[in-house]
Structure formats: C-alpha cells, structure tokens
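Q: Structure incoming, see below.
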Amino acid sequence: QADAVRVYVNSSSENLRYPVLFVVRQQKGVLSWQVPLIFRGLYQRTYNYQEVSRTLCPSEPTPETRPSDQIIFVDVASMAPFNIAYELLVTRLENFQLETNKAFNFTASPSQPQYFLYRFPQDVDSVIINVVSDAAYPCSVVSVQDIVCPVYDLDHNVEFNGVYQSMTKQAAITVQRKDFPGEQFFVVFVIKPEDYACGGSVPSSIHGNVNRTWNLQRTKNLQVKIVPSIKKSVYVQAMFFSFLSFLSFYLGSVVVAFVHYISTEVKLSVPLGSVSLAGSGMMTSSHPISASTPEGSSYGAIDESSSSGGRQLSSPERRPPAGSDTDSSVEEESDFDTMPEIESDKNIIRTKVFLYLSDLSRKDRRIVSKKYKIYFWNIITIAVFYALPVIQLVITYQTVVNVTGNQDICYYNFLCAHPLGVLSAFNNILSNMGHMMLGFLFLLIVLRRDILHRRAMEMKDIYTLDYGIPKHFGLFYAMGIALMMEGVLSACYHVCPNYSNFQFDTSFMYMIAGLCMLKLYQTRHPDINASAYSAYASFAVVISLAVLGVVFGKNDMWFWVVFSMIHVLASLALSTQIYYMGRFKIGECYLGIFRRAVMVLYTDCIQQCSRPMYMDRMVLLIVGNLVNWSFAIFGLVYRPRDFASYLLGIFICNLLLYLAFYIIMKLRSSEKLLPIPMFCIVATAVVWAAALYFFFQTLSSWEETPAESREKNRPCILLGFFDDHDVWHFLSAAALFFSFLVLLTLDDDLDTVRRDKIPVF
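Residue numbering for the sequence shown is 31 to 791, as defined by the working numbering.
Encoded structure:
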C-alpha cells in the first residue's frame, strides 16, 4: 500500500500584491504555489482562492529511511511589509492507492485537486477507469499520468502530460499495461474554474463587469472505479464472429445458386415446345396486362403499321454478329441520338399517354450497355481519389490523439472503445467489415448474372426477341463498389469521429441512394436514363452542399433560405421533366422548363380537371413534392445542426417513396413478385427496422461538447466487444445488401414477357 502526504494551507489575506508563497522540497522534486491562488478564465476573468490543498508526490524509500518515512521541507515566505496569518496542516492519506473493482468516493475543487495511484494486478493487461458524478457541473478533467514528479494537477498544466478527458457526469479512459513500463500510473482529477469547456455558461455570481471572484464554491463529488478490460481472446472471438457472420451470406448465396442451377437443368429436360430457358428470357407465351389499362387503350402499344416514313418502331434493334457484345470504343452513344429521324421518333413515342418498354428500349444494346458501364469505371476512379486523402487525414487525427493525449478530439463511446495497436476504437472499425464483404458478394452475384445472360444470348440467339427487362449491369456494379466504399469510409470516420469528418461517413450513402434511384428508373427507361457524367456531377453538387451545410448550417439563416429555395426549385424542375417529357435527365438545364410547368398546370388542372393526362405520374410527383417541401420547411424552421444526416434523410425518403410507387404500379399491372424478391423485400424491411432501432440509440454526439457527449456513453452489448452502433453497422450492411437484391431480382418475373406487353411507369 503506497503512502502519500497532503498539505493544506489557508490564509485570510486578500492582498494580491503580497501573496504568501509555499515551497515544498522533497526527495526528487519541488512543489510551489501561492495563496491567494489565482486561476484565469476567459476574457481576463480571474478566480482567487484562499484555501489550497495539494497532494505531494510520493517518495521512493531509500536504504537510510524506513518505507513509511518521508522527509519533507516546507518553506513559507512573503514579501509583505506587514504580518500575514496563515494555517498549514500536513496529513497522511489513508486511501491513496486505488483497488481493482472497488469504487472510491471523494471531493475536489479548483484549488484542491486530487490524484491517486493505481498498480496493475498480475493477470490484468488493460483496465477501464470509470468516473461518475451526480452533478454535471462544475466541469472537471480526468487525467492519467505516468509516475513522474511533479504531478500536473492544476487547471493550467493538467494537459501537459498523459491522457486526459473533460467531464460532466461521466468519463471513461482505457489504459493498457504496455503503455506504462512501471506497471502503475496516477489518476488525476482537476476541477476547472469555468464550465465553458464542458458546454456550461459563466457562473451567475460573476455576470456583469466584475472580472475578479473570490472563493467561488465549485466543489464536486466524484466516484472512481477501475475495472479490468477485455482479454485478448475476446478480440479473436469478435473478429471470428464478424467474419463468420457475413461468410454465412456467401454460403446462402452458393445454396441459392445451386438450387437455381438444378432448376435450370430440370427445365432444360422439358420439351422445347412447352418452355425454354427461364433465365435467358424466352417463352412462347406472355402475360397480359389488365386492371390498370384504360378502356379502349393498349397502354402505350404502338401500331405496328404506324410510324414515320412507314418504318416499324416496335422492334428496331438489329441483330449483331454472335459474340459482338463488347466494349468496343467504335460505337458511341451518340450514334443514334444525332440522327434526326431517330430524334423525331423519340419525341413521338415519349409524348404518348401510355408507353410500353419496347418504346423506350430501342437503342442498340451494345451501346446502351457500354453507357452504363461508365458508371462502374467512374465510381472506381472517384473512390480512389476520395479515399486516399481521407485515409491520410484520419491517420493524422489518430496520431495527434496518441501524441497529445487529448481524448476530447474524437467522439468515441469510451465505455466500449477497445484499442488495438495505434487505433483507439478498433471495434467501431471492425464492425464495418460487413459493408466490404457484402459489397464484394453483391459484385459476384451481379457478375454471375452478367455471365449467364451473355451465355444465354450467345446460345439461344435472342437478340431479335424482345423479352423481359433489358439486362444492363453497369449500375449494379457501381452499387457494389459504392457499398464497399461506404464500409471503407465509415471505418475511416470511426478512426476519430468528430464534427469535421462526419461527411466521410455519408458521402457514399448519398451516392448509394442516388444510384438506387437511377437503377430503379433505368429498369423501364433504359434509353433515356442519365449519363454517368451527369449523375456523378450531380452527386458532386450534393456533396458540395453537404460541406457548405457543415460549415454554415449551424447558425447562418441565409444558408437555409438559399438551400430551401434550391431544394424546392430542383424538385419542381425534376418533376416537370419526369411528368411532361417522360424523361429523367440530370445535368441539363432547359430555359423553358418552368414555363412548361405552368403549361402542365394549365393543361391538366384547368382544361382537364377531371383527370390529368398522366395520372400515375401525377400522384407520385404530388406526393414527392409534398415530402420534399416538408423537408425544406422543416430545415428552414428548425435548422438541424446535423446537416449531413438531414440531407441523407431527404435522399432516403425519396428513394423509399419511388420504390413503393414502383412496387404498387407493378402489382397494379398484374405483374408478380417471385419468391426470391418477395423474401428480399421482407428481409429488407425487417433488417432495416432492427438497424434503425440501434441507430437511434445515441452513444455519442459531436453536436455537443466532448464532456456532454460522454454522458451518452454506454457499455458493450454484444460479446463484450461491440456496442449499439456496431450492431447498427452489422445490420445496415445486411439491409443495404438485401435492398440491392430487391432491385436486382424485382422484375425477374418479366423474363418471359414480351417488352411490348410491359408497361412503363
């Protein structure tokens, strides 16, 4: 049991010109202070204390002294020309050494700091120092310092050595044996003279012009308890759990692929007169469209004999030579678009009231497929250029934390932050493994579908037969890369989560939401979807707005006014494009777009009040605009500090709205949901619901001060290693994976339906 001595001094003098000086000389150090003791705050404010109590650095026993003896010299001096009364009291501390798993209560104040000794037990390699208090204020600092004299235990020097955190009601510091060669350390508790560092206000007793305060009562009751942290075996178990959990998705995918292979072999054994390859998109029969088709119309069917110049428009694709489905740079997207007669046909077709998929899949498949593959190659380039500086920045953040010891830089859940190597919270990084593993699995699933489709095309020679949704996989590949990059950048963010780098965690979420909407639209509008360059340029604008929101969104009203106007105008412009033209063009600016919006309003709401020309699209766009305008009004009124999450919420709500509309319209058109997409839809809903439950279990918040954020910290809930936010990482990765599978398999039932029987909505 270590011994320590505490010196208490008190002086009634308030003369700041002639303070009483106390100097304590010990075996290996000198400690000095003055009474009145002066602390300085913001704006030249001073806080003076006439009572001071300090713990002396414990001395090591020498051969000339017994272990319990300490030789101490206390010198008292003052330059005052008159006598000054003072009181000095030296006492021996009975509970200087803290014990494992045993709580200890004490009090501290700015002029009476406390520190205690802790020694690692033989079988413990890591401990967590838990400090709690019933009162949030006064603001305090908890520091862990090596056994070096003097101990830095005052407000102006506590940050000079060791690891430290600011604290209101709760603090937690993980300490490893390897960081202290002597296998022991000091735990220091300092009360700050002001509360601004913890988010508090100026004390009420000094409001006004008074800049000097005497003996302000700032005593805080604290409880400290040191508990062993997890062992190395728990790290191994957590890594195996993470890997095996997502490996099960690979095994499930193999099982599904095997069942599909067996079923395909069975179908191949059936006589060709009844059925052929389901996966290749061929069948002799087709499913009629009912229910939603208006009386007397064929829902957009084009009369086989009616076209400009007498040409047949229903199946304009030409059959290319076998094996010519390549990425040759000879064919360009503009091969068709620059031909005047094709432009005329497009305008005729796309302004019809009812459309079939055959009307919007007229371009050469090779050119369209090549156009969508640009999404894949561009997102790889974007990922590399975006990720490299991010990784460099977070490494710098982590280095600064390790070198300075300032744990207020990063907003961890300190009650469940398990270090490994130079990383302070390895568990938050490991839990992002799911995004990378499932993103790679999705790429493999898409690659398999792509290969099977190519083989079916070559074997069955069905280029001239219009069956099913056109198979373009470029956007799916881009979605897989985006999911993997979300895992990488989320892991980077959690190296040192804070206000400045939160955009790293959300940037690719914007891209995932945008790519999903583009893919959903591209399914039945393959010829008129946005180009990769326009789409990524739009994503760049969104991320730029996110950065501006982080910088200006906290207090500047002008930013919210401008952003809300941009949001509403963009919604109107996009709605007009989709409704009136039947197109989805990103990046083009039409000068007459708002004049066209007025024409739409006049035509559909004044001339034809009973029924708009495009009823289904009108309903979708009205609901969509109401949702987006509600977001704009909410942002303008409440101005949420977390602008990145607010912007992400806009994207996700629009995606969910469009997906719901798509599924409803699919069912209205008498189309089916096969077992696999139905399972994926149910799994997506269930897993997202569970994931969001854990997402809203707030464990930290960089919208507040570090000390206030730590009040939300909670212990681990899974394997003693992962917290609620880690479970959110696991579940959100699975939810995104199932969401992607929904988009991939949603229209598999149409593989045996002719395109001139598939409605466009």
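Where is the CB? At the ideal position from N, CA and C, for every residue including glycine.
Computed from a predicted model, the values in this text were never measured in an experiment.
Buried or exposed: where does Gly451 fall if 16 or more other Cβ atoms within 10 Å of its Cβ makes it buried?
A: The residue is exposed, with fewer than 16 neighbouring Cβ atoms inside 10 Å.
Q: Restricting to Cα atoms, I'd like to know which of Thr121, Leu774, Ala713 and Gln74 is closest to Arg479.
A: That would be Leu774, whose Cα lies nearest to the Cα of Arg479.
Q: Report yes or no: do three or more beta-carbon pairs, one from the stretch 210 to 219 and one from the stretch 453 to 465, lie closer than 8 Å?
A: They do not touch, by the three-pair rule.
Q: Is the beta carbon of Val218 closer than 8 Å to that of Asp183?
A: Going by C-beta atoms, Asp183 is nearer than 8 Å to Val218.
Q: Where Lys401 and Leu575 are concerned, what is the direct C-alpha to C-alpha distance, given to the nearest angstrom?
A: Taking the straight line joining both Cα atoms gives about 27 Å.
Q: Rounded C-beta distance between Phe724 and Phe279? I'm assuming under 8 Å.
A: Actually they do not touch by this definition, with Cβ atoms about 19 Å apart.
Q: With a CB to CB cut of under 6 Å and the five nearest residues on each side skipped, what residues in its chain are close to Ile439?
A: Counting only Cβ-Cβ distances below 6 Å, and skipping sequence neighbours, we find Val431.
Q: Is it right to say Gly282 is buried, meaning 16 or more other beta carbons lie within 10 angstroms of its own, or is it exposed?
A: Gly282 should be labelled exposed.
Q: Is the Cβ-Cβ distance between Tyr871 and Ile573 less than 8 Å?
A: Absent from the model: residue 871. The displayed extent of the chain is 31 to 791, so no value can be given.
Q: Name the DSSP beta bridge partners of Val60, please?
A: Answer is Arg55.
Q: I believe Val717 touches Leu761 by the beta-carbon criterion, under 8 Å. Please report the beta-carbon distance rounded to the nearest angstrom.
A: Sure, about 6 Å apart at Cβ, within 8 Å.
Q: Does the beta-carbon distance from Ser173 to Val193 come in below 8 Å?
A: Going by C-beta atoms, Ser173 is nearer than 8 Å to Val193.
Q: Take Ser594 and list the residues in its own chain whose beta-carbon comes closer than 7 Å to its own, dropping the five residues that flank it on each side.
A: Excluding positions up to five away in sequence, the list reads Ala662, Gly665 and Leu666.
Q: Express the C-alpha separation of Val178 and His524 in angstroms, rounding to a whole number.
A: Distance between the alpha carbons of His524 and Val178 is about 33 Å.
Q: Report the three-state DSSP secondary structure of Asp756 (helix, strand or coil).
A: It is helical.
Q: Relative to the alpha-carbon of Asn684, which residue among Gly544, Val264 and Arg149 has its alpha-carbon at the smallest distance?
A: The candidate whose alpha carbon is nearest that of Asn684 is Gly544.
Q: Once DSSP output is grouped into helix, strand and coil, what is the label at Val117?
A: For the record, residue 117 in the displayed sequence is Glu; it is not Val. Residue state, collapsed to three classes: strand.
Q: So, helix, strand or coil for Tyr167, using DSSP?
A: The answer is coil: DSSP assigns Tyr167 none of H, G, I, E or B.
Q: Could you give the C-beta distance for Val171 and Lys250, rounded to a whole number, given that I count them as a contact under 8 Å?
A: Contact doesn't hold; Cβ gap of about 11 Å is too wide.
Q: Pull up the CB-CB distance for Phe146 and Phe126, whole angstroms please, since I reckon it's below 8 Å.
A: That belief holds up - the Cβ atoms of Phe146 and Phe126 are roughly 6 Å apart, short of 8 Å.
Q: For Ser272, which of Met463, Val106 and Trp63 has the nearest alpha-carbon?
A: The shortest C-alpha separation from Ser272 is found at Met463.
Q: Identify the residues that DSSP records as bridge partners of Arg122: which are they?
A: Per DSSP, Val35.
Q: What is the C-beta distance between Glu224 and Gly71, in whole angstroms, given that I count them as a contact (C-beta under 8 Å)?
A: The pair is a contact, with the Cβ atoms about 4 Å apart (cut-off 8 Å).
Q: Using a Cβ-Cβ cut-off of 6 Å (strictly less than) and excluding sequence neighbours within five positions of Pro346, which residues of its own chain qualify?
A: Unreliable placement is indicated for Pro346, whose pLDDT of 40 sits below 50; no coordinate value is reported for it.
Q: Do Pro556 and Leu390 have their CB atoms nearer than 8 Å?
A: For Pro556 and Leu390, yes; Cβs fall inside 8 Å.
Q: Can you check the stretch 489 to 563 for any alpha helix (DSSP H) of at least 4 residues that lies completely inside it and give the ranges in chain order?
A: Whole alpha helix (DSSP H) segments, 4+ residues: 504 to 525 and 532 to 554.
Q: Within the same chain, show all residues whose beta-carbon is closer than 7 Å to that of Thr5, passing over the 5 residues directly before and after it, in chain order.
A: Residue coverage of the chain in this structure runs from 31 to 791, which leaves residue 5 outside it and unanswerable.
Q: Do Leu123 and Ile256 have their CB atoms nearer than 8 Å?
A: It is not a contact, given that the beta carbons lie outside the stated cut-off.
Q: Got a sec? Which residues, its chain only, sit under 8 Å from Ala321 by beta carbon, not counting five neighbours each side?
A: In this prediction, Ala321 has a pLDDT of 37, which is less than 50 and means its spatial position is unreliable; nothing more can be read from the coordinates.
Q: Just the C-alpha distance for Thr426 and Ala417, rounded to the nearest angstrom, thanks.
A: Approximately 14 Å between the Cα atoms of the pair.
Q: Of the residues Ala107, Val106, Gln214 and Arg36, which one's Cα is nearest the Cα of Gln142?
A: Gln142 has its Cα closest to that of Arg36, out of Ala107, Val106, Gln214 and Arg36.
Q: Quick check on this structure: which residue in Phe406, Gly517 and Leu274 has the alpha carbon closest to the alpha carbon of His502?
A: If we check each option's Cα against that of His502, Phe406 comes out closest.
Q: Give every residue of the same chain whose Cβ lies closer than 7 Å to the Cβ of His186, excluding the five residues on either side of it in the sequence, and list them in chain order.
A: So no residue of the chain qualifies.
Q: Considering just the uninterrupted stretch of the beta strand (DSSP E) at Lys250, what are its terminal residues?
A: From DSSP, the beta strand (DSSP E) with Lys250 extends over Lys250 to Pro258.
Q: Find the nearest neighbour of Thr85 within the set Ile511, Val220, Thr714 and Leu471, judged by alpha-carbon distance.
A: Of the listed residues, the one whose Cα sits closest to Thr85 is Val220.
Q: Nearer than 7 Å: is that true of the beta carbon of Pro151 relative to any heavy atom of the ligand ZN?
A: Absent from the structure shown: the ligand ZN. Ligands present: none.
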